[in-house]
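One rule links them: number in the working numbering = place in the sequence shown (from 1) + 3. For each residue, glycine too, the CB sits at the ideal point set by N, CA and C.
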Amino acid sequence: MSEKWNVYESFQALLELGPFHIALEVILLAWVVWLLVAAKSRPRAIKLTKKEEEQLLAEWTPEPLLSSTPDPNHPALHTRTVHGKLGHYVDLGNGPLLNLASNDYLRFSENKSIE
4 MSEKWNVYES FQALLELGPF HIALEVILLA WVVWLLVAAK SRPRAIKLTK KEEEQLLAEW
64 TPEPLLSSTP DPNHPALHTR TVHGKLGHYV DLGNGPLLNL ASNDYLRFSE NKSIE
């Protein structure tokens with residue numbers, strides 16, 4: 004019951020497929036070939052001798068993390084403290100401010116029956 008492989012029938016089956024299917028298979032096949040070729044053509048990492056490593060380390064000077072000391076009056080250096088209970092409005096010491104930091108959109112934190 005074995006049938007011989009017929010090249011003509013295989014070619015006819017390939018022609019019956021849509022052009023998008025054939026284009027997709029060609030693109031995938033080209034991508035696989037590119038992956039196999041690109042994996043072999045990667046440049047090798049340069050190996051340094053111990054003497055060259057020591058020379059590079061001796062020449063290296065680190066950059067400072069900060070260009071200068073920060074201003075002591077900078078607002079980020081002064082922490083803000085919340086006075087009282089958090090709710091729709093919050094008091095940071097200079098009067099009530101609208102609290103946009105919480106997810107209390109329905110003001111449940113101010114409802115006495117929920118507390």
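Chain-order list of residues whose beta-carbon lies under 8 Å from that of residue i (same chain, five-residue window excluded)
i      : result
Leu-17 : Ile-25
Tyr-92 : Pro-99, Leu-100, Leu-101 and Asn-102
Bounding residues of the beta strand (DSSP E) (the contiguous stretch that carries residue i)
i      : result
Tyr-92 : 92-94
Range covered by the alpha helix (DSSP H) that runs through residue i
i       : result
Leu-103 : Here Leu-103 belongs to no alpha helix (DSSP H), and DSSP marks it neither H nor E.
Glu-56  : 53-62
Ala-79  : Premise fails: Ala-79 is in no alpha helix (DSSP H) and is neither H nor E.
Phe-111 : Run containing Phe-111: none; DSSP gives neither H nor E here.
Lys-50  : Premise fails: Lys-50 is in no alpha helix (DSSP H) and is neither H nor E.
Lys-43  : 22-43
Leu-18  : 10-19
Own chain partners of residue i with C-beta closer than 6 Å, once the 5 adjacent residues on each side are dropped
i      : result
Ala-48 : none
CB-CB length for residue i against residue j, believed under 8 Å
i      : j       : result
Gly-90 : Ser-112 : 5 Å
Identity of the residues DSSP links to residue i by a beta bridge
i      : result
His-86 : Asp-94
Rounded separation between residue i and residue j - CA only
i       : j      : result
Ile-30  : Trp-37 : 10 Å
Ser-105 : Gly-21 : 57 Å
Leu-59  : Thr-52 : 11 Å
Ala-41  : Glu-56 : 30 Å
Glu-19  : Lys-43 : 37 Å
Ala-1   : Leu-39 : Absent from the model: residue 1. The displayed extent of the chain is 4 to 118, so no value can be given.
Asn-86  : Leu-95 : The question names Asn, but residue 86 is His in the sequence shown. Their backbone Cα atoms lie some 6 Å apart in a straight line.
Glu-118 : Glu-66 : 54 Å
His-63  : Pro-46 : For the sequence presented, residue 63 should be read as Trp rather than His. Roughly 26 Å separates the two Cα atoms.
Ala-61  : Pro-78 : 40 Å
Glu-12  : Phe-23 : 20 Å
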